[in-house]
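What follows is one structure encoded as structure tokens, with my remarks underneath.
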Amino acid sequence: MSSSPIQPTDAWEALFRAQVSIMRDLRREFVDVGMSMNEYDVLFNIYREPRRAVRLRDLNSAVLITQSSVSRLVDRLVQRGFVEKREDELDARGTIVSLTPEGEDAFRRAGRVHARNIHERVGRVLSQDELATLTDLCNRLRKGSHR
1 MSSSPIQPTD
11 AWEALFRAQV
21 SIMRDLRREF
31 VDVGMSMNEY
41 DVLFNIYREP
51 RRAVRLRDLN
61 SAVLITQSSV
71 SRLVDRLVQR
81 GFVEKREDEL
91 DARGTIVSLT
101 PEGEDAFRRA
111 GRVHARNIHE
121 RVGRVLSQDE
131 LATLTDLCNR
141 LRKGSHR
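Numbering (our numbering), first residue to last: 1 to 147.
What follows is the structure, given as structure tokens:
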């Protein structure tokens with residue numbers, strides 16, 4: 001007896017529920033390092049830029065939250081001393097957001113905890129082949145969603 005084919009909705013439901021479950025655990029652990037997951041995401045996107053600086057407009061496109069939330073979040077990170085804002089020399093209407101040394105230290109500390117937690121929840125559960133397959137599938141889904 002053959003089983004019925006797996007439907008795209010079944011695969012989506014499994015992927016979505018796994019992601020939500022893991023994200024809940026990761027969010028709780030970010031509290032221990034004194035920042036939110038969204039703050040980490042902003043710092044991550046700035047850190048990966050060659051000069052540790054990015055235009056606010058580009059940051060809005062890179063992070064996983066709304067534009068108004070990014071602006072408020074950046075303002076909070078400025079108050080905490082993690083980032084600085086300055087006028088874009090090439091476009092006076094634009095704003096550049098850059099990491100401070102304190103922000104880079106905070107990002108690195110949180111990153112070590114984050115990497116360890118991801119290893120516990122993903123790397124310990126999946127084999128190297130499964131990790132490669134998962135990475136490939138997720139990249140294909142992302143590329144396919146930009147039509």
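Think of the CB as a built atom: it goes at the ideal place given N, C-alpha and C, for glycine as much as any other residue.
This one's a predicted model, so the numbers in the text were calculated from it and none came from an experiment.
- For G103, the three-state secondary structure derived from DSSP is helix.
- Listed in chain order, the alpha helix (DSSP H) runs fully inside the segment 13–53 are 37–47, counting runs of at least 4 residues.
- Comparing alpha-carbon positions, the option among E120, A115, R80, N60 lying closest to T95 turns out to be N60.
- In terms of CA proximity to M35, V74 leads the group H119, V74, L126.
- Judged by pairs of C-beta atoms under 8 Å, the segment 106–120 does not touch the segment 49–63, as fewer than three such pairs exist.
- Classified as exposed, N139 has fewer than 16 neighbouring CB atoms from the shown chains inside 10 Å of its CB.
- Per the Cβ contact rule, the segment 18–31 is not in contact with the segment 86–100 (fewer than 3 Cβ pairs under 8 Å).
- The C-alpha of V63 is placed about 20 Å away from the C-alpha of S21.
- For R86, the enclosing beta strand (DSSP E) starts and ends at 83–88.
- DSSP lists I96 as the beta-bridge partner residues of R55.
- Nearest Cα to Q79 within the set A11, S3, T66, E39: E39.
- Under a 10 Å Cβ-count criterion, V31 is classified as exposed, with fewer than 16 other Cβ atoms of the shown protein chains found around its own Cβ.
- Annotation: T135 to Q67 spans about 27 Å, alpha carbon to alpha carbon.
- Distances from the CA of R48 to each of A132, L99, V122 were compared; the closest alpha carbon is that of L99.
- Between L15 and F107, the CB-CB gap reaches or exceeds 7 Å.
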